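Enquirer:
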Amino acid sequence: MNGQFASAAGKLLTATLMGVALSAAAAAQELPIGASARQQIEALMQEKASRSPAQRKISSDLLFEVRRQRGDAIVQAMPGLRTSVRADNAGRVLVDIQAEVTAGLLSRITALGGSVASAFPQYDAVRASLPLRQVEALSNSPLVTSIRPAALPIASKTNVSEGDIAHMADLARADLGTDGTGAKICVLSDSVDHLADVQATGDLPGSIEILPGQDGVDLGPANGVPETVGEGTAMLEIVHDLAPGASLGFATAWAGEASFAQNIRDLRAAGCDVLVDDVVHVTEPVFQDGIIAEAVDEVVADGAVYFSAAGNFGNQNDGTSGVWEGDFLGTGNPISSFNSDYDFSQDFGGGNALNTIIAESEFGYTLQWSDPQGASSNDFDLYLLDPTGSTVIDFSTNFQTGTQDPFEGIAAAAAPADYTGHHLVIARFKGSAGRYLHLNTLGGGLSVATAGQTWGHSAARGAFSVAAVDWRQTCGGSPCAFTGGESIETFGSDGPRRVFYEGDGTAITPGDLSATGGESRQKPDLAAADGVSTATPGFDPFDGSSAAAAHAAAIAGLMISVDPTLNAADLRDVFASTALDIEAIGVDRDSGVGIVDAAAALGTLKDAVVTDFNADALSDILWRNTSTGGTVIWQMDGFAVSDAASIGAPENAWVIADVGDFNGDLRSDILWRNLLTSAVTIWLMDGFTQTSSGFLDPVNGAWDVAGLGDFDGDRNLDILWRNNTTGNTVIWRMDGLTQLDASVIGVVGLNWQIEGVADFNGDNQSDILWRNPITGANLVWQMEAAVQTGAFSIDPVSFPWMIEGLGDFNADGQDDILWRHYSSANLVIWQMDGYATAAATSIGAVNTSWEVARLGDFNGGGQADILWRRPSNGSTVIWQMNGFAMEAAEMIGTIGGVWEVQ
0 MNGQFASAAG KLLTATLMGV ALSAAAAAQE LPIGASARQQ IEALMQEKAS RSPAQRKISS
60 DLLFEVRRQR GDAIVQAMPG LRTSVRADNA GRVLVDIQAE VTAGLLSRIT ALGGSVASAF
120 PQYDAVRASL PLRQVEALSN SPLVTSIRPA ALPIASKTNV SEGDIAHMAD LARADLGTDG
180 TGAKICVLSD SVDHLADVQA TGDLPGSIEI LPGQDGVDLG PANGVPETVG EGTAMLEIVH
240 DLAPGASLGF ATAWAGEASF AQNIRDLRAA GCDVLVDDVV HVTEPVFQDG IIAEAVDEVV
300 ADGAVYFSAA GNFGNQNDGT SGVWEGDFLG TGNPISSFNS DYDFSQDFGG GNALNTIIAE
360 SEFGYTLQWS DPQGASSNDF DLYLLDPTGS TVIDFSTNFQ TGTQDPFEGI AAAAAPADYT
420 GHHLVIARFK GSAGRYLHLN TLGGGLSVAT AGQTWGHSAA RGAFSVAAVD WRQTCGGSPC
480 AFTGGESIET FGSDGPRRVF YEGDGTAITP GDLSATGGES RQKPDLAAAD GVSTATPGFD
540 PFDGSSAAAA HAAAIAGLMI SVDPTLNAAD LRDVFASTAL DIEAIGVDRD SGVGIVDAAA
600 ALGTLKDAVV TDFNADALSD ILWRNTSTGG TVIWQMDGFA VSDAASIGAP ENAWVIADVG
660 DFNGDLRSDI LWRNLLTSAV TIWLMDGFTQ TSSGFLDPVN GAWDVAGLGD FDGDRNLDIL
720 WRNNTTGNTV IWRMDGLTQL DASVIGVVGL NWQIEGVADF NGDNQSDILW RNPITGANLV
780 WQMEAAVQTG AFSIDPVSFP WMIEGLGDFN ADGQDDILWR HYSSANLVIW QMDGYATAAA
840 TSIGAVNTSW EVARLGDFNG GGQADILWRR PSNGSTVIWQ MNGFAMEAAE MIGTIGGVWE
900 VQ
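The numbers in numbering that gives the first Met the number 0 rise by one with no breaks, and the one at position 821 of the sequence shown is 820.
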């Protein structure tokens with residue numbers, strides 16, 4: 000069995016063949032289950048009923064091979080039956096054992112001639128190679144719950160990935176000045192085969208952290224799992240192309256579910272900020288979070304971000320679905336000679352129990368239902384019938400008596416076989432209740448199919464499940480940016496994913512385990528590029544959601560390198576607001592929120608420029624006429640006025656308290672106060688347009704707005720209030736027009752004044768600068784989540800030195816202080832390094848008839864410039880700053896003295 004997903008070309012061919020086969024398949028669907036097939040099923044049911052307690056712990060395919068080796072009568076009576084179980088030359092099979100893991104159990108395996116590949120007591124899981132003849136002997140141990148063939152993993156399958164341009168990651172890196180440095184991105188896949196070769200070409204760096212013994216290179220058919228081909232190397236390549244400065248890590252996901260889950264936790268412990276995988280194990284639960292999904296949610300809760308390939312198994316919209324989901328509905332046509340309660344299901348129309356395979360699967364067929372893991376008491380079986388419906392070809396008849404998983408599986412044939420035109424039959428055993436069913440051909444096709452293909456840990460609440468979009472749809476042969484007119488790959492797995500149980504087996508909707516119960520999770524979450532170039536042999540092009548997941552993870556790494564405080568919830572909000580909508584309008588079951596737009600996503604992380612009303616990253620100028628109340632915005636293009644407009648003339652009782660971005664859209668908004676009524680309101684702005692407004696709680700005149708700042712790191716500005724009679728200081732945390740809460744942060748004597756709000760330590764949370772003009776003392780309050788966490792004295796400076804403004808003059812992410820001496824008119828910038836003065840630089844002297852009206856970034860250089868105003872004649876000048884030097888002075892106009900810069 001090939002462990003890789005089919006290539007894109009293979010999947011497209013599959014879709015074409017399905018289209019041709021539909022009518023014929025539908026006709027075949029009308030076939031009844033033949034009499035001989037019913038007799039064979041009855042015989043298999045009798046065999047099932049006769050199993051001993053030890054045999055009931057063994058999966059039916061493994062037990063059948065044990066019986067075949069012994070020459071049991073049931074095998075001799077049905078020589079045509081096949082299973083995918085194959086022993087090696089020594090007669091051993093690789094098995095997954097669910098058991099209480101003790102030293103005694105491991106010794107017992109060895110004593111029976113087996114060897115332990117891995118053991119994880121925390122997951123009650125052992126993987127071992129065991130002589131086929133000893134399987135039943137081991138199942139006699141009271142420590143053992145179940146034994147089945149090792150679950151197969153499936154990967155979602157000299158250049159730079161074209162996704163770099165398609166996602167505009169190249170532009171985002173340049174715009175934000177980041178390459179991923181400071182972020183650690185880790186891949187879980189099959190292996191890092193070919194790693195040294197790819198490193199030698201320069202396509203990957205020499206330093207990649209691989210968990211000890213977890214490179215996956217030695218795994219493969221000799222270990223009872225599909226061959227490893229270095230898909231992890233190709234994924235690392237994509238990550239490095241988009242985030243070349245990020246640290247990289249790897250661990251295999253190929254060695255079983257328990258190993259996979261542990262490697263997720265171990266990578267997080269090794270410092271991985273972003274994790275991404277492209278592997279699903281066929282036995283992962285559909286309707287409950289399994290051990291891998293629980294590991295995903297655990298590391299996400301710890302602050303990591305997790306991406307997972309949605310899968311390449313097909314979807315309903317493109318006619319490639321190979322899954323059927325729905326409530327049990329019996330045909331009313333039982334095998335009466337065996338048991339009147341044994342009924343065929345599903346009724347796929349007209350009493351039919353057959354669902355015809357119209358496209359072959361290379362991985363097999365599985366059935367799961369809405370019972371909890373390890374506690375299923377409702378027994379369903381799965382049969383594969385020949386095209387005539389008269390012969391059973393393969394089967395899965397495991398026991399579910401209250402301690403087993405709700406799972407039946409028919410693995411792909413060990414030898415190549417094409418079951419197109421064959422039929423799948425679901426049967427319900429005596430006394431079992433109806434349940435919600437999931438029949439999956441794992442990339443094949445069914446004549447009666449539904450949505451809901453994606454499953455496993457990519458459907459975990461905390462995971463980003465990523466669908467694939469071929470960059471060549473829009474661009475042809477030359478890379479270009481996605482436009483939003485694309486669609487997901489026709490082989491892409493769709494959602495949603497209905498889940499009925501929490502990881503511990505607690506029912507989400509007790510009493511309703513049908514199509515109306517459980518939790519419907521929006522999966523996939525988003526989409527990204529595939530079909531890209533890599534230097535890894537066999538992956539040029541690299542098709543499938545594996546490549547897509549790697550692109551999305553790399554973009555997340557770039558974002559975290561800009562703002563290390565970001566978590567999965569933050570990124571989910573950003574992607575939802577910036578992704579390119581494709582497929583159905585809005586969020587859909589094929590592409591989630593749409594294609595990740597790196598430039599737009601990283602653009603939200605840019606610090607909002609002071610008084611930037613149109614989000615062009617250039618400061619504008621807001622004017623107010625002190626006589627008429629007229630309010631005008633000058634939109635600036637560097638040092639020239641590109642446009643100007645009046646935005647109203649509120650009566651003079653209304654004053655502009657401050658200007659800033661309250662809703663995180665990078666557009667400045669206006670905070671107004673009414674001095675007569677104490678009313679407080681915010682205008683949300685988009686250019687010259689007031690898009691909405693809202694009144695806040697009234698505040699009397701004893702309170703002054705001391706500044707605006709982002710005190711909790713949510714990129715929405717909050718309001719800092721100071722009571723001018725008591726010294727009380729309060730922060731209102733804001734979310735757009737909504738006041739979230741009010742926090743008293745201290746009472747400070749009135750001899751201390753708040754000089755401004757700025758981020759001195761670069762943690763993306765505003766701090767407060769205090770000054771005592773009498774003593775010259777200066778103090779910074781370090782703030783975190785609107786709480787004062789530290790107080791730091793900085794050098795005292797006596798009058799007539801005064802603080803004129805706070806801004807980042809050298810683009811290091813830490814605000815600096817502009818001082819002015821009101822006797823000599825000298826200007827000095829203190830370069831701040833956290834809460835210490837790193838340097839003091841004189842930038843000249845300006846006659847005190849000129850006033851510093853504002854600091855802003857007028858040329859988009861990421862450095863503060865100085866806006867000067869001379870009230871006596873209305874002259875207005877901008878000093879273009881280059882770090883701590885004035886590079887140019889630009890006169891931008893003359894406007895009468897009744898106009899003031901706000």
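Even glycine gets a Cβ: it sits at the ideal position worked out from N, Cα and C. It should be emphasised that the depicted structure is a prediction, and the values quoted were computed from it without experimental measurement.
With DSSP run on the structure shown, which of helix, strand or coil describes histidine 820?
Expert: In the sequence shown, counting from the first residue as 1, residue 820 sits at position 821. If DSSP states are grouped into helix, strand and coil, histidine 820 belongs with the strands.
Enquirer: Can you tell me the Cα-Cα spacing of alanine 553 and isoleucine 184, whole angstroms?
Expert: Here residue 553 refers to the residue found at position 554 of the sequence shown. Here residue 184 refers to the residue found at position 185 of the sequence shown. Cα to Cα, alanine 553 sits roughly 7 Å from isoleucine 184.
Enquirer: Throw me the rounded Cβ distance for the leucine 604 and isoleucine 594 pair, which I believe falls under 8 Å.
Expert: To locate residue 604, count along the sequence shown from 1; it is residue 605. To locate residue 594, count along the sequence shown from 1; it is residue 595. Between isoleucine 594 and leucine 604 the Cβ distance is about 19 Å, and since that is not below 8 Å, they are no contact.
Enquirer: Give the DSSP-derived three-state secondary structure of glutamine 403 in the structure shown.
Expert: Walking along the sequence shown from the start, residue 403 turns up at place 404. Strand, per DSSP.
Enquirer: So what does arginine 732 bridge to, in DSSP terms?
Expert: Residue mapping note: residue 732 aligns to position 733 of the sequence shown, counting from 1. For arginine 732, which the question treats as bridged, DSSP gives the partners Asp740.
Enquirer: How about the region 88 to 105 and the region 134 to 142: do they share at least three Cβ pairs that are nearer than 8 Å?
Expert: Segments in contact, yes.
Enquirer: Name the one or two DSSP bridge partners that serine 307 has.
Expert: Within the sequence shown, the letter at position 308 stands for residue 307. DSSP output for serine 307 lists Asp276 and Ser464 as bridge partner(s).
Enquirer: Alpha carbon to alpha carbon, how far is isoleucine 865 from isoleucine 891?
Expert: To locate residue 865, count along the sequence shown from 1; it is residue 866. To locate residue 891, count along the sequence shown from 1; it is residue 892. If I take the Cα positions, the gap works out to 13 Å.
Enquirer: Quick check: the region 780 to 793 against the region 757 to 771, are at least 3 beta-carbon pairs closer than 8 Å?
Expert: Contact holds: three or more Cβ-Cβ distances are below 8 Å.
Enquirer: With 16 other CB atoms within 10 Å as the buried threshold, where does glycine 708 fall?
Expert: Taking the sequence shown and counting its residues from 1, the one referred to as residue 708 is at position 709. That one is buried.
Enquirer: Apart from the five residues on each side of it in sequence, which residues of its chain come closer than 6 Å, Cβ to Cβ, to methionine 831?
Expert: On the sequence shown, residue 831 is found 832 positions in, with the first residue counted as 1. Answer for methionine 831: Phe759, Gln813 and Asp815, listed in chain order.
Enquirer: With DSSP run on the structure shown, which of helix, strand or coil describes serine 335?
Expert: For this step, residue 335 is matched to residue 336 along the sequence shown. With a pLDDT of only 47 at serine 335, under 50, the local geometry of the prediction cannot be trusted, and the value read off the model is given with reservation. In the structure shown, serine 335 sits in coil (DSSP, three-state: anything other than H, G, I, E or B).
Enquirer: Given a threshold of 16 other Cβ atoms within 10 Å of its Cβ, counted over all protein chains shown, does arginine 69 qualify as buried or as exposed?
Expert: Here residue 69 is taken as the residue at index 70 of the sequence shown, counted from 1. It counts as exposed.
Enquirer: What does glutamine 689 pair with, by DSSP beta-bridge criteria?
Expert: Residue 689 sits at position 690 when you count from the first residue of the sequence shown. Partner(s): Met684.
Enquirer: Counting beta carbon pairs with one atom in the region 360 to 370 and one in the region 416 to 435, are three or more of them shorter than 8 Å?
Expert: Flag = yes, the region 416 to 435 and the region 360 to 370 touch.
Enquirer: With 16 other CB atoms within 10 Å as the buried threshold, where does glycine 484 fall?
Expert: Within the sequence shown, residue 484 is the residue found at index 485, counting from 1. Exposed, because fewer than 16 other Cβ atoms sit within 10 Å of the Cβ of glycine 484.
Enquirer: Looking at the secondary structure, which residues open and close the beta strand (DSSP E) in which phenylalanine 791 lies?
Expert: Taking the sequence shown and counting its residues from 1, the one referred to as residue 791 is at position 792. Where phenylalanine 791 is concerned, the enclosing beta strand (DSSP E) stretches over 786 to 793.
Enquirer: Which of the three DSSP states, helix, strand or coil, is assigned to proline 120?
Expert: Here the question's residue 120 lines up with position 121 in the sequence shown. Helix.
Enquirer: Mark leucine 674 as exposed unless 16 or more other C-beta atoms lie within 10 angstroms of its C-beta, in which case mark it buried.
Expert: In the sequence shown, residue 674 corresponds to position 675, counting from 1. Under this definition leucine 674 is an exposed residue.
Enquirer: Compute the Euclidean distance between the alpha carbons of phenylalanine 694 and alanine 598, then round it to the nearest angstrom.
Expert: Looking up residue 694 in the sequence shown gives position 695. Looking up residue 598 in the sequence shown gives position 599. The alpha-carbon atoms of phenylalanine 694 and alanine 598 are separated by roughly 34 Å.
Enquirer: Work out the CA separation of tryptophan 671 and serine 692 for me, nearest whole Å.
Expert: The count along the sequence shown starts at 1 and reaches residue 692 at position 693. The count along the sequence shown starts at 1 and reaches residue 671 at position 672. Their backbone Cα atoms lie some 10 Å apart in a straight line.
Enquirer: Just curious, the alpha helix (DSSP H) that cysteine 474 is in, first and last residue?
Expert: Here the question's residue 474 lines up with position 475 in the sequence shown. Looking at the DSSP string, the run of the alpha helix (DSSP H) that includes cysteine 474 is 471 to 474.
Enquirer: How would you write the range of the alpha helix (DSSP H) that valine 65 sits in, first residue to last?
Expert: Along the sequence shown, one-based indexing puts residue 65 at 66. Per DSSP, valine 65 belongs to the alpha helix (DSSP H) from 59 to 69.
Enquirer: Identify every residue that forms a DSSP beta bridge with isoleucine 153.
Expert: Here the question's residue 153 lines up with position 154 in the sequence shown. DSSP lists Val279 as partners of isoleucine 153.
Enquirer: Between the C-alpha atoms of leucine 313 and serine 320, what's the straight-line distance to the nearest angstrom?
Expert: Here residue 313 corresponds to residue number 314 of the sequence shown, with the count starting at 1. Here residue 320 corresponds to residue number 321 of the sequence shown, with the count starting at 1. The displayed chain sequence assigns glycine, not leucine, to residue 313. One C-alpha to the other measures close to 5 Å.
Enquirer: Please classify threonine 489 as buried or exposed, where buried requires at least 16 other C-beta atoms within 10 Å of its C-beta.
Expert: The residue labelled residue 489 in the question sits at position 490 within the sequence shown. Per the 10 Å Cβ criterion, buried.
Enquirer: By alpha-carbon positions, which one of Ser841, Gln452, Val295 and Asn727 ends up nearest to aspartate 276?
Expert: Here the question's residue 276 lines up with position 277 in the sequence shown. Ranking the options by Cα distance to aspartate 276, first place goes to Val295.
Enquirer: Using only CA atoms, which one of Ser59, Trp368, Gly602 and Asp189 lies nearest to leucine 80?
Expert: Taking the sequence shown and counting its residues from 1, one reaches residue 80 at position 81. Here the closest residue by C-alpha is Ser59.
Enquirer: Buried or exposed for serine 51, going by 16 or more other Cβ atoms inside 10 Å?
Expert: Mapped onto the sequence shown, residue 51 falls at position 52. By the neighbour-count rule (16 or more Cβ atoms within 10 Å), serine 51 is not buried but exposed.
Enquirer: What's the C-alpha gap between threonine 676 and threonine 737?
Expert: Translated into the one-based positions of the sequence shown, residue 676 becomes position 677. Translated into the one-based positions of the sequence shown, residue 737 becomes position 738. Each residue's alpha carbon lies about 20 Å from the other.
Enquirer: Is it the case that the Cβ atoms of glutamine 97 and leucine 111 are separated by a distance below 8 Å?
Expert: As a first step, residue 97 must be located in the sequence shown, where it is residue number 98. As a first step, residue 111 must be located in the sequence shown, where it is residue number 112. Not in contact: glutamine 97 and leucine 111 (Cβ atoms no closer than 8 Å).
Enquirer: Is it the case that the Cβ atoms of alanine 154 and serine 188 are separated by a distance below 8 Å?
Expert: Position 155 of the sequence shown, counted from the first residue, corresponds to residue 154. Position 189 of the sequence shown, counted from the first residue, corresponds to residue 188. Yes. Within cutoff.
Enquirer: Which parts of the region 511 to 579 are runs of the beta strand (DSSP E), unbroken and 3 residues or longer, counting only runs that do not cross its ends?
Expert: Counting only runs of 3 or more, we get 518 to 520 and 525 to 529.
Enquirer: I believe valine 228 touches proline 148 by the beta-carbon criterion, under 8 Å. Please report the beta-carbon distance rounded to the nearest angstrom.
Expert: Position 229 of the sequence shown, counted from the start, is the residue given in the question as residue 228. Position 149 of the sequence shown, counted from the start, is the residue given in the question as residue 148. With a Cβ gap of about 22 Å, valine 228 and proline 148 do not count as contacting.
Enquirer: Beta-carbon separation of valine 468 and alanine 555 under 8 Å?
Expert: What you label residue 468 is simply residue 469 of the sequence shown in a count that begins at 1. What you label residue 555 is simply residue 556 of the sequence shown in a count that begins at 1. Their beta carbons are not under 8 Å apart, which means valine 468 does not touch alanine 555 by this criterion.
Enquirer: Considering Cα atoms alone, identify which of Ala358, Gly388 and Arg427 is closest to tryptophan 902.
Expert: Absent from the structure is residue 902, since the part of the chain shown begins at 0 and ends at 901.
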